[in-house]
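Residue numbers for the sequence shown, in numbering that gives the first Met the number 0: 0 to 650.
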Amino acid sequence: MGLHVFLYGVRVSTTLTPTSVPAPARQAPRRRTRVLALPEARWALASLIAFLLALAADLGGASAWAYGPLYAIAYAAGGWEPALEGLRALREKTLDVDLLMIVAALGAAAIGQVLDGALLIVIFATSGALEALATARTADSVRGLLDLAPATATRLTADGREETVPTAGLAVGDVLLVRPGERIGADGTVLDGTSEADQATITGEPLPVLKRPGDEVFAGTLNGTGALRVRVARDPADSVIARIVTLVEEASRTKAPTQLFIEKIEQRYAVGVVAATLAVFGVPLAFGEDLTGALLRAMTFMIVASPCAVVLATMPPLLSAIANAGRHGVLVKSAVAMERLGEIDATALDKTGTLTEGAPEVTAVRPLPGSGLDEDDLLALAAAAEHPSEHPLARAVVAAARARGLRVAPATDFTATPGRGVKAVVDGREVRVGRAETPEGDETTVQVTRDGVPVGTLALTDRLRPDAAGAAAALTTLTGTAPTLLTGDNAPAAARVAAATGITDVRADLLPEDKVTAVRALEKDGRKVLFVGDGVNDAPALAAAHAGVAMGRAGSDLALETADAVVVRDELAAVPAVIRLSRSARRLVVQNLVIAGTFITVLVLWDLIGHLPLPLGVAGHEGSTVLVGLNGLRLLRESAWRSGPAQEERR
């Protein structure tokens with residue numbers, strides 16, 4: 000089949016295989032590790048099931064022979080891995096809280112508190128499984144990103160023949176033929192042909208970009224309806240899409256891990272408790288106390304000094320905050336991620352898909368004087384001609400006409416020319432709709448002609464989210480500084496969105512590595528930066544920032560997996576709300592640590608100075624655990640989410 004492309008008035012004929020043009024695809028192919036494919040998840044599930052069965056039998060009054068083996072399975076399934084890791088740490092002459100918790104759980108079982116010890120094991124096993132799943136899913140998305148670039152490309156030889164070759168084997172200077180609907184195989188420069196490329200994955204631009212000879216194209220972006228000949232300008236390993244993968248991997252490796260309070264002090268605390276327990280056992284024994292009494296005192300000391308209450312002081316507020324955020328459409332991936340969100344003191348926002356909805360809308364209809372058309376007539380005429388087209392601008396025009404309840408007449412003899420627009424016969428008259436040569440401001444302007452005579456123009460812009468300005472103002476209140484706008488889109492479009500949202504620090508025309516550089520520059524100034532984005536091109540910045548939030552509705556897989564939190568309902572106002580919730584959780588953590596520390600101090604001193612009965616020590620230890628747990632559950636209340644800026648300032 001012969002495809003004829005008109006280039007600067009010259010007709011160029013290229014023989015092509017018929018190719019359907021798919022809708023623009025902005026996401027990498029989905030690769031997701033199944034939860035139960037991870038051994039950590041299988042062991043945690045086995046431990047949980049055994050614990051629940053044992054608990055039911057225990058509470059139901061069954062014989063110890065019935066529930067005892069089930070508790071043993073829960074201990075073994077959930078505890079063998081952290082115990083093994085703890086022993087390996089001992090070989091490296093370090094001691095961590097995981098091993099201490101295993102010892103505490105076994106100690107609890109030794110004095111009859113089997114249920115408490117099993118619960119502790121289940122909590123630790125589940126936490127480890129969630130961490131392993133998050134790591135695996137991020138790795139899946141990074142690998143899947145590489146699939147954006149096609150595995151093969153059509154290379155043109157010196158004598159004009161076509162050959163299909165692996166894209167990994169392309170070299171600088173090779174000439175590629177990119178057919179309509181294909182993904183571009185390498186970064187390069189257009190030699191001839193006219194088309195439009197959807198490069199939102201790279202630059203975040205909401206609309207396909209016109210490509211003509213001399214223009215740059217990127218590997219993995221989607222070609223539109225025209226054929227292109229492209230000269231390879233970069234080695235595949237140096238393409239922009241490959242650099243995004245490298246940036247995400249490097250940022251994930253070098254990002255300083257934010258740890259929960261107990262993890263920051265675990266080494267010293269664990270060593271201190273073990274040393275103190277040995278001293279509590281050995282010193283009285285050396286001064287003549289009987290073995291049973293010394294052992295009982297030491298066991299009591301280990302129970303009351305164990306960090307169970309400290310762990311639960313930290314986890315319930317953060318987990319309650321995660322649950323509350325989830326009810327309101329924000330998925331926070333872990334307790335560490337929730338803690339990070341409350342630490343931020345600067346924000347950087349992407350434009351397309353974040354502050355805006357990433358889809359064009361008709362913002363102005365301008366009939367020309369003397370055309371005999373009013374706004375509705377002009378819009379209906381353009382919609383009739385655009386109706387058969389799948390171009391994003393065409394869909395926006397048709398949607399605008401339908402929103403006004405206009406009749407869209409049927410069109411015949413429809414044709415679309417890459418970079419030029421569409422032509423059709425509507426009610427017996429030839430109608431053309433195409434981009435105007437001179438756009439007005441940052442708008443995309445299309446001109447409508449009827450029988451060769453211009454009759455008006457339509458202006459389209461990327462739709463601003465209705466809550467964008469309010470969210471930007473709330474973030475300013477929370478951090479004390481206005482957000483920074485980081486976008487790959489052009490400067491006029493960025494300036495329009497910044498003006499509408501009250502943002503003054505605007506950086507446009509950025510590639511993914513430029514966004515990372517901007518985030519790191521802010522952090523070098525001592526700021527803890529929150530980055531909010533949605534696209535593949537935002538993933539490196541999401542990984543590099545202190546905390547990252549992805550907009551979920553149209554977000555790329557890589558952005559969703561790299562971010563610490565995902566706004567599932569695409570409500571930008573949820574971002575400041577979850578920050579406030581995180582800060583509330585952090586305040587409750589401090590309260591709980593004070594409560595837990597007070598109980599531990601009192602019980603330990605009682606055991607060392609006086610004689611703390613073991614049952615009373617266990618009761619005090621468990622009582623403090625229950626108290627801090629209940630205090631943390633306060634964040635499940637609806638009022639915790641609705642806490643406003645004024646309340647935040649008072650705190």
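All C-beta atoms, glycine included, are put in the ideal place defined by N, C-alpha and C. Model, not experiment: these values are computed from the prediction.
I'd like to confirm something about residue i: is its beta-carbon nearer than 7 Å to some heavy atom of the ligand SAM, or not?
i	result
V282	This structure simply doesn't include the ligand SAM, nor any ligand for that matter.
Give the straight-line distance between the Cα atoms of residue i and residue j, rounded to the nearest whole angstrom.
i	j	result
V279	F286	12 Å
G213	H390	23 Å
A336	V588	15 Å
L330	V548	9 Å
R431	R449	7 Å
A128	L47	12 Å
A544	G532	11 Å
A595	V303	10 Å
V627	V601	16 Å
Q590	R403	56 Å
E560	R326	20 Å
L318	D569	22 Å
L58	F50	12 Å
G487	V424	38 Å
V9	R419	Residue placement at V9 cannot be trusted, given a pLDDT of 29 that sits under 50; what the coordinates show is reported in the next sentence. Approximately 14 Å, taken between the alpha carbons.
A322	R641	14 Å
D234	V361	40 Å
E288	K332	51 Å
Does the beta carbon of residue i sit closer than 8 Å to a beta carbon anywhere in chain C?
i	result
G525	Given the protein chain composition of this structure (a single chain), no chain C is represented.
So, with DSSP's three-state summary, where would you put residue i?
i	result
R403	coil
N489	coil
Q446	strand
T361	One point to set straight first is that residue 361 is Val, not Thr, in the sequence displayed. Three-state DSSP puts V361 in a strand.
A458	strand
V329	strand
L221	strand
T586	The residue asked about is misnamed: residue 586 is Arg in this sequence, not Thr. Of the three classes helix, strand and coil, the one that applies to R586 here is helix, per DSSP.
K514	helix
L155	strand
A347	strand
G85	helix
R160	coil
D376	helix
F413	strand
L54	helix
V593	helix
V432	strand
L367	coil
G651	Summary: the structure shown does not reach residue 651, with the chain confined to residues 0 through 650, and so no result is reported for it.
G469	helix
P453	strand
L176	strand
Check whether the Cβ atoms of residue i and residue j lie closer than 8 Å to each other.
i	j	result
V364	A382	no
S407	A379	The amino acid at residue 407 is misidentified as Ser; the sequence shows Val. Yes, the pair counts as a contact, with Cβ atoms nearer than the cut-off.
V528	A345	yes
P359	G455	no
G67	I101	no
A398	V518	no
A320	S623	no
G710	A196	Nothing in the structure corresponds to residue 710, since the chain is present only between 0 and 650.
T193	I343	no
L227	V174	no
L634	S583	yes
L392	T475	no
G187	R154	no
A639	L340	no
L209	R182	no
L132	A40	yes
T355	L463	yes
A410	H386	yes
R124	A43	Here the sequence assigns Ala to residue 124, which means Arg is not the residue at that position. Yes, they are a contact pair.
Since residue i and residue j are thought to touch, with beta carbons under 8 Å apart, how far apart are those beta carbons, to the nearest angstrom?
i	j	result
L484	K350	6 Å
A150	T163	Incorrect: roughly 10 Å between the Cβ atoms, too far for contact.
A538	A558	5 Å
L592	A562	Contact doesn't hold; Cβ gap of about 28 Å is too wide.
A65	A56	5 Å
A218	G184	6 Å
A471	T500	4 Å
TODO: Starting from the N-terminal side, write out each stretch of the alpha helix (DSSP H) that is 4 residues or longer and does not extend beyond the segment 516-575.
DONE: 538-543, 556-561
- [ ] Taking only runs that begin and end inside the segment 601-641, name each unbroken alpha helix (DSSP H) of 4 or more residues, in chain order.
- [x] 613-631, 637-640
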